[in-house]
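In order, the protein sequences belong to chains L and Z.
Each residue of the first sequence is one higher than the last, beginning at 689 in our numbering.
Each residue of the second sequence is one higher than the last, beginning at 972 in our numbering.
All C-beta atoms, glycine included, are put in the ideal place defined by N, C-alpha and C.
If you're wondering where the values come from, they're calculated on a predicted model, not measured in any experiment.
Quick notes on the structure that follows.
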Amino acid sequence: SAVISQKPSRDICQRGTSLTIQCQVDSQVTMMFWYRQQPGQSLTLIATANQGSEATYESGFVIDKFPISRPNLTFSTLTVSNMSPEDSSIYLCSVDVARETQYFGPGTRLLVL
Amino acid sequence: GESVGLHLPTLSVQEGDNSIINCAYSNSASDYFIWYKQESGKGPQFIIDIRSNMDKRQGQRVTVLLNKTVKHLSLQIAATQPGDSAVYFCAEKTGANNLFFGTGTRLTVIP
């Protein structure tokens, strides 16, 4: 398994601003993932972040709105840009262990006013 | 793409009883399945997984059953405890593709 931390754990932001969420893992991992979980909903994959390459975005998500960085094998950031109330969600990062099981961080709870 | 769904969105059980949470999937090519538990305010926690070459796998108080004929997955929790109250998600994976998550079942344990 892996121990994953996220910062911030929660935030309240004004519309039109941007927030960068950090994800730190206690071991080197090849693949990191960013998910969105809207209130009362399941998890939706935003993008996959591999170190040394551009992130791969899922349908409905674009780099301009959700830029991702992956500077090394233990760290990634997700930025939620030009926020609107519809971006209010839990944002989760996860890591891929042995290319199968994914372990999740505690999440970042974002409220956009 | 794959479709993963759950039969029951909510489930209430008495403490000490066994719980069964069900999940249907639509992609017969899915070869790996995971159950996650998500408590309020926390991220999903890995519970148990199963590969498609198995039909049953047991952990501590939990058992996952896979029926590939009807594309059905279930999670059984023995002697359910108040600490088991959470939302449970099934997820499926096909080869090297990403995980797809079901809609979730909220389990409430009544003391």
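If you measure between the beta carbons of residue i and residue j, is that distance less than 8 Å?
i	j	result
Z/I992	Z/Y1059	yes
Z/P1015	L/F792	yes
Z/I1081	Z/S983	yes
Z/S1023	Z/Y1003	yes
Could you tell me whether the Cβ of residue i comes closer than 8 Å to any Cβ of chain L?
i	result
Z/T1076	no
Z/K1064	yes
Z/P1082	no
Z/Y1059	no
Z/F1004	no
Z/G1073	yes
Z/G1014	yes
Z/N1068	no
Z/D988	no
Please confirm if residue i has its CB atom under 8 Å from at least one CB of chain Z.
i	result
L/E788	yes
L/F749	no
L/Y791	yes
L/S730	yes
L/P696	no
L/T736	yes
L/P727	no
L/L733	yes
L/L780	yes
L/G795	yes
Shorter than 7 Å, the distance from the beta carbon of residue i to the closest heavy atom of the ligand MN, or not?
i	result
L/S715	Absent from the structure shown: the ligand MN. Ligands present: none.
Assign residue i to one of two classes, buried (16 or more other C-beta atoms within 10 Å of its C-beta) or exposed (fewer than that).
i	result
Z/H978	Note on Z/H978: pLDDT 46, under 50, position unreliable in the model; no value is reported.
Z/D1026	exposed
Z/A1050	exposed
L/R758	buried
L/E774	exposed
Z/G972	For Z/G972, the pLDDT reaches just 40, beneath the cut-off of 50, and the residue's location in the model is therefore unreliable, although a value from the coordinates is still provided. With fewer than 16 Cβ atoms within 10 Å of its Cβ, Z/G972 is classed as exposed.
L/K695	exposed
Z/D1055	buried
Where does the unbroken beta strand (DSSP E) through residue i begin, and where does it stop?
i	result
L/A737	T732 to N738
L/T765	F763 to V768
L/D699	R698 to C701
Z/F1017	Q1016 to R1022
Z/I1081	T1076 to I1081
L/Q710	L707 to V713
L/S776	Run containing L/S776: none; DSSP gives neither H nor E here.
Z/S990	S990 to Y996
L/N760	I756 to N760
Three or more C-beta pairs under 8 Å: does that hold for the stretch 748-766 of chain L against the stretch 712-732 of chain L?
yes
Quick check: the stretch 763-778 of chain L against the stretch 704-711 of chain L, are there 3 or more CB pairs under 8 Å?
They touch, by the three-pair rule.
Would you say the stretch 689-701 of chain L touches the stretch 777-787 of chain L, given that touching needs at least three Cβ pairs under 8 Å?
Using a C-beta cut-off of 8 Å, the stretch 689-701 of chain L makes contact with the stretch 777-787 of chain L, since at least three inter-stretch Cβ pairs fall below that distance.
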